[in-house]
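A.B. asks: If you scroll down you'll find the structure; I have some questions about it.
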Amino acid sequence: METLEHFQSQVKERLMEFRRLTQKSPAHIVVFRDGVSDSQFKITMEQEVSSIQRACSSLSDKYKPTITFMVVQKRHQVRFYEPSRKFDRQGGNAGNLKNGTIIDRDIINPELFDFYAVLHRGILGTSRPCHIYVLYDDWALPAEYVYLLSYYMAYVCTRCESPIGIPAPCYYADLACTRMKNHWMINKSTTKSSMSNGLPELHDNIKNEQFFV
Numbered sequence: 001m002e003t004l005e006h007f008q009s010q011v012k013e014r015l016m017e018f019r020r021l022t023q024k025s026p027a028h029i030v031v032f033r034d035g036v037s038d039s040q041f042k043i044t045m046e047q048e049v050s051s052i053q054r055a056c057s058s059l060s061d062k063y064k065p066t067i068t069f070m071v072v073q074k075r076h077q078v079r080f081y082e083p084s085r086k087f088d089r090q091g092g093n094a095g096n097l098k099n100g101t102i103i104d105r106d107i108i109n110p111e112l113f114d115f116y117a118v119l120h121r122g123i124l125g126t127s128r129p130c131h132i133y134v135l136y137d138d139w140a141l142p143a144e145y146v147y148l149l150s151y152y153m154a155y156v157c158t159r160c161e162s163p164i165g166i167p168a169p170c171y172y173a174d175l176a177c178t179r180m181k182n183h184w185m186i187n188k189s190t191t192k193s194s195m196s197n198g199l200p201e202l203h204d205n206i207k208n209e210q211f212f213v
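Now the structure itself:
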């Protein structure tokens, strides 16, 4: 499992920045979490939802936004195809399903709220669906809204004009972690550095920008 350190302080920092820019706090917080195995669902959800709640309470005792916590899995062997599907620009020539297809019955976990989502277009090769689990949702979103939210999030990646295979927040998190890992590797042997907790400090001009994209 990919663990998150200092998660509570990081959430608080983002909430404060959101408030600074919009003059209000978000009423709903939606988390797309990557890098969690099935056996770690419960402990991850409990720890990280609790961290979010504590971060909100640290801003104000009355601030209690709704939270939707989802885990996105992409490293699995499940694939879907439609044998009768002919060639077109959406599905390719190998029977790929159209992007936006949701599979939410028959092969899912009967005890959890989970579904498979084919978010990207199968232009070359076989489309790889992502497997999404909704582990916590006190917003009480209808299933159709969860599907649409996951689908729309595949379209907002600034690196690609087409939908990507996972919700963009997961992809951005991977990019951010890779960038910071590279900075850490470069600076780890430096004797005099402005690093805090092993990470380099960011310049104010890019501190709140998506420079890693």
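Numbering-wise (the working numbering), the sequence shown opens with residue 1 and increments by one. Just so you know, even glycine gets a beta-carbon here, dropped at the ideal spot from N, CA and C.
Using CA atoms only, rank isn't needed, just tell me which of ILE102, SER9, ARG179 and ILE107 is closest to CYS56.
C.D. replies: That would be SER9, whose Cα lies nearest to the Cα of CYS56.
A.B. asks: Thinking C-beta only, is PRO26 closer than 8 Å to PHE80?
C.D. replies: For PHE80 and PRO26, no; Cβs fall outside 8 Å.
A.B. asks: Using a Cβ-Cβ cut-off of 6 Å (strictly less than) and excluding sequence neighbours within five positions of HIS120, which residues of its own chain qualify?
C.D. replies: These residues qualify, in order along the chain: ASN99, PRO163, ILE164 and GLY165.
A.B. asks: Can you tell me which of the three DSSP states VAL49 falls into?
C.D. replies: DSSP places VAL49 in helix when its eight states are reduced to three.
A.B. asks: Out of LYS12, HIS6 and GLU17, which one is the CA nearest neighbour of ASN208?
C.D. replies: Among LYS12, HIS6 and GLU17, the Cα nearest to that of ASN208 belongs to GLU17.
A.B. asks: Report the rounded CA-to-CA distance for MET195 versus ARG105, giving the unit in angstroms.
C.D. replies: At MET195 the pLDDT is 49, less than 50, meaning the model places this residue with poor confidence; the figure from the coordinates comes in the next sentence. Computed Cα separation, rounded: 49 Å.
A.B. asks: Beta carbon of ARG128: closer than 7 Å to some heavy atom of the ligand COA?
C.D. replies: Summarising the ligand content, the structure contains no ligands, and the ligand COA is consequently not present.
A.B. asks: Given ARG54, which residues of its chain have a CB within under 7 Å of its CB, disregarding the five upstream and five downstream residues?
C.D. replies: Result list for ARG54: GLN8, in chain order.
A.B. asks: For ILE43, which beta-bridge partners are listed by DSSP?
C.D. replies: Looking at the DSSP assignment, ILE43 forms no beta bridge with any residue, so it has no partner.
A.B. asks: Sort ASP204, ILE132 and GLU161 by Cα distance to LYS74 and report the nearest one.
C.D. replies: Among ASP204, ILE132 and GLU161, the Cα nearest to that of LYS74 belongs to ILE132.
A.B. asks: In this structure, how does DSSP classify ASP61 when only helix, strand and coil are distinguished?
C.D. replies: Coil, per DSSP.
A.B. asks: By DSSP, does ARG33 sit in helix, in strand, or in coil?
C.D. replies: Of the three classes helix, strand and coil, the one that applies to ARG33 here is strand, per DSSP.
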